[in-house]
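Novice:
In this note's numbering, the protein residues as written are 18 to 599.
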């Protein structure tokens, strides 16, 4: 599979609406609401030094990446202009030698903070430069402005002059699973420029992955060992592993393809929760039925990796996963206002704003900046990476929100109110030598399909082929589905309509609260006091499904209301997704 070049997206569905609000209520104006996003670079050598986080320098790069993805979904000209102006301001603080970090000259790439140069490891300086480089490459590809590519190359040249070939290693500066992420950006740069020095550095970085303190991710994956068993199974290391995609493109060596796909499949089998969210306490642990932080950054990173795995394999089940994660874990972490996301989006509990849960990351001049606040825009808009892709003379449609996709001489339109409703209409007009392939989700066991009014058979979990110029009508199977849990939830079920996870939100079910306790303060205490009414599988037969704007509400025979996970808990109420059903 390959990405569609010159793709323009006119998204009129829920993702488009979310992204437009994210643009207006968070991304545009960030340098005014949180001026330290830029001033930390300007003041890096000013004493007394600022009290900075180890990862403070990442915020600018992650922000620009979010702005890029949201722009691709919205075509918001104001956002584009603002992001490009932000880049100009950021690049004004790049040193002549290429440094674009927030630490003093004496502590650049040392792993130490300026105040405590003897304390190593601490800082994630290479990691921050990776995120800035990655964002600059995205905007270079979008605009063709060579200034952005040149800035990314200057960063790479500084790193080349600082590490390896008789000099120190990146692992020696600590926090290897973060700082080795430059492996990805170097492989990207090589594929863009074909300059051997970037491939050489990537290969040196690859050797460093096997050092003590690193994760040995390539060898673990090639030996088909589960990701959670490697020495460094935190989410940040997924950005290192993304480099395998670019290394496969650069070298054609099958080991990179195999390692990336194996890593993605391992995580899917051991560490993705019922929401489609990856991570427990910010890493893989080998059990998706344990409560622990399901961090927004973890979800964004793994979904990006899953896209690469899909591109390398063409495995349609990966898109089924991406869809589940998008509409539940991802959009479910974002306020419908677009102003904030969560840090942790639990399977059950409450949804706290990232600046509420992660208040320790707030700094003077950047009260709303933290690792997740600058990243959630990317999560919301990453659907653009997999909605429509190419393979040979085929165009592959994976997403069903109301949207229009245009590229070259082709136009692909999708109409309907998906995913709240199960009916979509698709029309493809374009070059005669192109074929359209439409994903039939594996969960839709009985999909009704009509082509120009003629009933046509399609199979779940496969791509259905259609000629150009036809109108295709699909009605997906929205029969409630039940997935049984394990471990802590071994006797409970998660319920799905299509790929939408349903939740019992206390706010929607106040009439059933009379038997609940009322003495708890913490979320855990109050969850234990929250007694759900008895539910049976029969209650779900002929249940009432109502789509209210972007919200899906299911009313059962006994009056219980279940809401889509995206909106569960967004008014501050407790919710549960693991239900006792007899």
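Quick reminder that beta carbons are idealized off the backbone N, C-alpha and C, glycines included.
Contact between the region 368-386 and the region 49-62: three or more CB pairs below 8 Å?
Specialist: yes
Novice: Along the chain, where does the beta strand (DSSP E) containing residue 433 start, and where does it finish?
Specialist: 427-433
Novice: Going by beta carbon distance, what residues of the same chain come within less than 6 Å of residue 230, once the five residues before and after it are set aside?
Specialist: 188 and 193
Novice: What is the DSSP secondary structure of residue 158, reduced to helix, strand or coil?
Specialist: In this structure, residue 158 counts as helix in the three-state DSSP scheme.
Novice: Compare the beta carbon distance of residue 392 and residue 456 with 7 Å and say whether it is the shorter of the two.
Specialist: no
Novice: Closer than 6 Å by C-beta to residue 540: which residues in its own chain qualify, once you throw out the five before and the five after it? Chain order, please.
Specialist: Once the five neighbours on either side are set aside, the close Cβ partners of residue 540 are 366 and 367.
Novice: Could you check which residue in 546, 332, 352 and 74 has the C-alpha nearest to that of residue 59?
Specialist: Nearest to residue 59 by alpha-carbon distance, out of 546, 332, 352 and 74, is 74.
Novice: DSSP three-state label for residue 481, please.
Specialist: strand
Novice: Measuring alpha carbon to alpha carbon, tell me which residue in 26, 140 and 339 is nearest residue 600.
Specialist: Only positions 18 to 599 of the chain appear in the structure, and residue 600 is not among them; the question remains open.
Novice: Any chance the region 108-127 sits against the region 171-179, with 3 or more Cβ pairs inside 8 Å?
Specialist: yes
Novice: How close, in whole Å, do the beta carbons of residue 131 and residue 66 come, if the pair is a contact with beta carbons under 8 Å?
Specialist: So it is a contact: roughly 4 Å between Cβ atoms.
Novice: Going straight from the alpha carbon of residue 505 to that of residue 305, what length do you get?
Specialist: A straight-line Cα-Cα distance of about 10 Å links residue 505 and residue 305.
Novice: Does DSSP classify residue 21 as helix, strand or coil?
Specialist: coil
Novice: What span of residues does the beta strand (DSSP E) with residue 568 cover, start to end?
Specialist: 568-572
Novice: Unbroken alpha helix (DSSP H) runs of length 4 or more, entirely within the region 362-440: which are they?
Specialist: 371-374 and 393-398
Novice: Apart from the five residues just before and just after residue 557, which ones in its own chain have a Cβ nearer than 6 Å to its Cβ?
Specialist: 497
Novice: Between the C-alpha atoms of residue 210 and residue 499, what's the straight-line distance to the nearest angstrom?
Specialist: Each residue's Cα considered, the two are about 50 Å apart.
Novice: Do residue 84 and residue 24 have their beta-carbon atoms positioned less than 7 Å apart in this structure?
Specialist: Residue 24 places its beta carbon 7 Å or farther from that of residue 84.
Novice: Candidates 82, 91 and 144: which alpha carbon is nearest residue 101's?
Specialist: 82
Novice: Would you kindly report the start and end of the unbroken beta strand (DSSP E) that includes residue 512?
Specialist: 510-514
Novice: Okay, do the region 286-304 and the region 236-252 touch, 3+ Cβ pairs below 8 Å being the bar?
Specialist: yes
Novice: In chain order, what residues of the same chain have a beta carbon less than 7 Å from the beta carbon of residue 293, not counting five sequence neighbours either side?
Specialist: 338, 341, 342, 345 and 346
Novice: Given this structure, state the Cα-to-Cα distance separating residue 438 from residue 487, to the nearest angstrom.
Specialist: 22 Å
Novice: If we ignore side chains and look at the alpha-carbon of each, how far apart do residue 351 and residue 363 end up?
Specialist: 13 Å
Novice: Return the residue from the list 320, 273, 154 and 410 that minimises the CA-CA distance to residue 400.
Specialist: For the residues 320, 273, 154 and 410, the minimum Cα distance to residue 400 belongs to 320.
Novice: Measuring alpha carbon to alpha carbon, tell me which of 206, 575 and 595 ends up nearest residue 582.
Specialist: 595
Novice: What does DSSP give as the partner residue(s) for residue 498 in the beta ladder?
Specialist: 513
Novice: Using a threshold of 7 Å, state whether the C-beta atoms of residue 27 and residue 421 are closer than that.
Specialist: Taking 7 Å as the Cβ cut-off, residue 27 and residue 421 qualify as a contacting pair.
Novice: Measuring CA to CA, which of 29, 202, 589 and 309 is closest to residue 567?
Specialist: 29
Novice: Compute the beta-carbon to beta-carbon distance between residue 3 and residue 402, rounded to the nearest angstrom, for a pair I have assumed lies under 8 Å.
Specialist: Because the chain here runs from 18 to 599, residue 3 falls outside it and cannot be looked at.
Novice: Compare the C-alpha of residue 125 against each of 108, 109, 88 and 145 and name the closest.
Specialist: 145
Novice: Whole beta strand (DSSP E) runs in the region 541-599 with 3 or more residues, listed along the chain?
Specialist: 561-565, 568-572 and 578-581
Novice: Output needed for residue 79: all residues of its chain with C-beta closer than 7 Å, excluding positions within five of it in sequence on either side, in chain order.
Specialist: 148, 391 and 392
Novice: Looking at the secondary structure, which residues open and close the beta strand (DSSP E) in which residue 492 lies?
Specialist: 488-492
Novice: Work out the CA separation of residue 547 and residue 538 for me, nearest whole Å.
Specialist: The alpha-carbon atoms of residue 538 and residue 547 are separated by roughly 12 Å.
Novice: How many angstroms separate the CA atom of residue 268 from the CA atom of residue 169?
Specialist: Just so you know, the alpha carbons of residue 268 and residue 169 end up roughly 22 Å apart.
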